[in-house]
Amino acid sequence: MRVALFITCVNDTLFPGTGKAVVSLLRRLGCDVDFPAAQTCCGQMHVNTGYRDEGVRLARHFTEVFAGYDAVVAPSGSCAAMVREQYPKLVRPGSRGATAIAEVAPRVHELSEFLVDVLKVEDVGAYFPHRVTYHPTCHSLRGLHLGDRPTRLLQQVRGLELVPLPGAQECCGFGGTFAVKNPAVSAAMGADKARNVLDTGAEVLCAADNSCLMHIGGTLSRQQTGIRVMHLAEILAATDGGTRS
Amino acid sequence: MSATFLGMPGDFPTNAARAVKDSQLRYNLRKATHTIRGKRAAVVDELPDWHELRAAGKAVKDETLRHLDRYLLQLEEAVTAAGGHVHWARDAAEANRIVADLVKATGETEVVKVKSMATQEIGLNEALAAEGITAYETDLAELIVQLGDDFPSHILVPAIHRNRAEIREIFLDKMGDAPPGLTDEPAALAEAARLHLRERFLRSKVAVSGANFMIAETGTLVVLESEGNGRMCLTLPETLISVVGIEKLLPTWRDLEVFLQLLPRSSTGERMNPYTSTWTGSAEGQDFHLVLLDNGRTDVLADEVGRQALRCIRCSACLNVCPVYERTGGHAYGSVYPGPIGAILTPQLRGMSSELDASLPYASSLCGACYEVCPVAIDIPEVLVDLRAKAPHGAAERAGMRVAGWILNDQARLARAQHAAIRLRRLVPKRLPGPLSAWTDTRDLPEIPDESFRDWWEREG
Chain A
1 MRVALFITCV NDTLFPGTGK AVVSLLRRLG CDVDFPAAQT CCGQMHVNTG
51 YRDEGVRLAR HFTEVFAGYD AVVAPSGSCA AMVREQYPKL VRPGSRGATA
101 IAEVAPRVHE LSEFLVDVLK VEDVGAYFPH RVTYHPTCHS LRGLHLGDRP
151 TRLLQQVRGL ELVPLPGAQE CCGFGGTFAV KNPAVSAAMG ADKARNVLDT
201 GAEVLCAADN SCLMHIGGTL SRQQTGIRVM HLAEILAATD GGTRS
Chain B
1 MSATFLGMPG DFPTNAARAV KDSQLRYNLR KATHTIRGKR AAVVDELPDW
51 HELRAAGKAV KDETLRHLDR YLLQLEEAVT AAGGHVHWAR DAAEANRIVA
101 DLVKATGETE VVKVKSMATQ EIGLNEALAA EGITAYETDL AELIVQLGDD
151 FPSHILVPAI HRNRAEIREI FLDKMGDAPP GLTDEPAALA EAARLHLRER
201 FLRSKVAVSG ANFMIAETGT LVVLESEGNG RMCLTLPETL ISVVGIEKLL
251 PTWRDLEVFL QLLPRSSTGE RMNPYTSTWT GSAEGQDFHL VLLDNGRTDV
301 LADEVGRQAL RCIRCSACLN VCPVYERTGG HAYGSVYPGP IGAILTPQLR
351 GMSSELDASL PYASSLCGAC YEVCPVAIDI PEVLVDLRAK APHGAAERAG
401 MRVAGWILND QARLARAQHA AIRLRRLVPK RLPGPLSAWT DTRDLPEIPD
451 ESFRDWWERE G
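The listed protein sequences correspond, in order, to chains A and B. Following the UniProt record's numbering from start to finish, the first sequence increments by one per residue and tops out at 245. Following the UniProt record's numbering from start to finish, the second sequence increments by one per residue and tops out at 461.
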């Protein structure tokens, strides 16, 4: 299957390891992957901060870049939710933009959705002998309704011990520019999330969004907890030959 | 909306920063919101048709709002036919004047009140005080707030920010007839309030209430409450004045069925509401006045995205699940409507010309928990984002977002920015300056990698 990768601007710039893990994982599962180089950003930061015009320009760019692909895979619940849930609200119903979005949006899948719903695999042949807890990020949970897809995938990873995270469904406090506009509340939410992660005794915190992991991970690191954060793709790409991403 | 209520001056981020440092407040809020949250989830899960009920609630409200003018006239006709008097108030000042004149006409200088959001919104107690009329709150939590010379912190549980030890202190300090040796046992506190209020109910000739619902076809008003104090207010006095927002309408008596299921489950986590009182016109010789309050509501109605906020039935389920509210409490929002619904309703009713009101649409991480629990399916995140597009933005932020948009709109520019970041990464300080220090004050920055994904792909992909 020929798959276009939407790596997202945050992953591209700050977390290239996630993109590499997606490539290695999807190739291992027999996909022919392509990275349309003209891709940039879905526009979520602009739209959600109140800069709709800039956001709409980025959305238009996205729909042009990814038009014509059968499947687009994104290692981000948040950016996939932006395209699927928010794009249609940005344009006038019946306009040309609305048609373009209606064509592309349903073909955009978050990674775990693509694996479970499209490729129909839950055991991706990964090996990761560590104690892991999973944080279902808000947009994965309430935007895309990923449900237990990510944890079903993690449960099939050999050697991995999945421990439940108390208060898992509560927001970590990142919220894009919320972290900068309301720093005190964001930090308080992050601290509570970090405490819950610590309580699990896990070595690794996993999620399907690097931005949330950057916030929780930055908090865990500042507190010198020694807990690592890893994107779901990185764990699923790991084999007994090493993570190689 | 009048600017009478000023829980805190300043903007939301400043107020919130103060609130999150208050450990007692944080503990009280967390305990209360998590308890109600759990109860709500349990009783909602019991109903196999919750989603249908929610859709019905939304549909009834939308239908009402679409033909609000028609239903309001129908209501006026029905109330008048049943011997009541209907008054129309464009704004807070007009509503306050109407109520004050009605009270003065009775010759009384004291009124008892059923807890009412609309009268708080217009600052009625303060307006009456200026006319020499004392308003006594009779809802237990409202009484605590009033005696403590405080502001409500929650729509349903106004004293949510207070624990029982604090309440005991307030009673001993401010309630003249508090029994000596009062303990902080909830039963003892409730009994003290009951005795204090009984005297008041029996003496009062005038009462002021709000209403949860008004029914257009019959002219009936409905109040839901938990203590029975509201019913005492509604039935004992000779004159009853109800101040109600024009959006509180339901077309038919039958529509009430949906809301009597949605509201208690969403608000208190109960299957059925303890005290539901209904009255139509001047029942049993009581003189009845209905003040229909606009105060910005027709402006909200004119907004295509924002008008869904008028579906709100003030259940406060969104407050109880909101991670931001849970850590700040209601005062930080500087409005009688705190939490997620307040963050969209207040700036719509008041406009966004003050710093506080302009900051409210940003008082959310857009986690979506509020939308999920809303019994009338108000897409609060959608309205927040829409209001942010209309909110005033600072020049520095505007410039920054424009530059970011310019860079992100073109792959070559993005790649050049990435290369610059990589080249300069050793120069990034551990503590960032300006607004970005908000990040590095409490969190470590991620390392900038030595190669972007697109460069790796170019090389190896």
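Ideal placement from N, C-alpha and C gives every residue a C-beta, glycine not left out.
Buried or exposed by the 16-neighbour rule on C-beta atoms within 10 Å, applied to residue i
i             : result
residue 539/B : One cannot answer for residue 539/B here, as it falls past the ends of chain B, which runs 1 to 461.
A19/B         : buried
M214/A        : buried
R194/B        : exposed
E436/B        : The residue asked about is misnamed: residue 436/B is Leu in this sequence, not Glu. When all chains shown are included, L436/B counts as exposed.
V428/B        : exposed
W457/B        : buried
L349/B        : buried
A396/B        : exposed
R416/B        : exposed
E76/B         : buried
G181/B        : exposed
M189/A        : buried
W279/B        : buried
S23/B         : exposed
E247/B        : buried
D192/A        : buried
Y27/B         : exposed
G159/A        : exposed
V163/A        : exposed
K20/A         : buried
Under the three-state DSSP convention, the category residue i falls into
i      : result
M1/B   : Its pLDDT being 43, under 50, M1/B is placed unreliably in this model, and the value from its coordinates should be taken loosely. Note: M1/B maps to coil in three-state DSSP.
R228/A : strand
R37/B  : helix
L249/B : strand
Y27/B  : helix
L205/A : strand
T239/A : strand
R423/B : helix
G339/B : helix
R244/A : Note that R244/A scores a pLDDT of 48, beneath 50, so its modelled location is shaky; the value from the coordinates is reported in the next line. In this structure, R244/A counts as coil in the three-state DSSP scheme.
Q411/B : helix
E458/B : helix
F174/A : coil
G351/B : coil
S221/A : helix
K21/B  : coil
Q169/A : coil
E46/B  : coil
A369/B : helix
V305/B : coil
I378/B : coil
R443/B : coil
K174/B : helix
K390/B : helix
H196/B : helix
L6/B   : For L6/B, the pLDDT reaches just 48, beneath the cut-off of 50, and the residue's location in the model is therefore unreliable, although a value from the coordinates is still provided. Residue state, collapsed to three classes: coil.
K104/B : helix
According to DSSP, residues forming a beta bridge with residue i
i      : result
L221/B : M214/B and W279/B
I241/B : V208/B and H289/B
V111/B : A135/B
V108/A : V72/A
W88/B  : L292/B
What ranges does the alpha helix (DSSP H) occupy inside the UniProt domain "Cysteine-rich" (3–83) of chain A, keeping only unbroken runs of at least 4 residues that lie completely in it?
9–14, 16–28, 44–49, 52–66 and 77–81
Considering only residues of the stretch 113–165 of chain A, which uninterrupted alpha helix (DSSP H) runs meet the minimum length of 4 residues and lie entirely inside it, listed in chain order?
149–155
Check whether the stretch 186–203 of chain B and the stretch 127–134 of chain B touch, using three or more Cβ-Cβ pairs below 8 angstroms as the test.
no
Does the stretch 163–183 of chain B come close enough to the stretch 138–149 of chain B to have 3 or more Cβ pairs within less than 8 angstroms?
yes
In chain order, which beta strand (DSSP E) runs of at least 3 residues are fully inside the stretch 54–85 of chain B?
none
Is the stretch 24–34 of chain A touching the stretch 361–376 of chain B in the sense that three or more CB pairs, one from each, lie closer than 8 angstroms?
no
Do the stretch 90–105 of chain B and the stretch 239–250 of chain B meet, that is, are 3 or more Cβ pairs less than 8 angstroms apart?
A contact exists between the stretch 90–105 of chain B and the stretch 239–250 of chain B.
Three-pair Cβ contact test at 8 angstroms for the stretch 379–388 of chain B versus the stretch 362–369 of chain B:
yes
Taking three-plus beta-carbon pairs below 8 angstroms as touching, is the stretch 196–212 of chain B in contact with the stretch 107–117 of chain B?
yes
Would you check if there are 3 or more beta carbon pairs closer than 8 angstroms linking the stretch 147–163 of chain A to the stretch 115–132 of chain A?
With the rule of 3 Cβ pairs closer than 8 angstroms, the stretch 147–163 of chain A counts as touching the stretch 115–132 of chain A.
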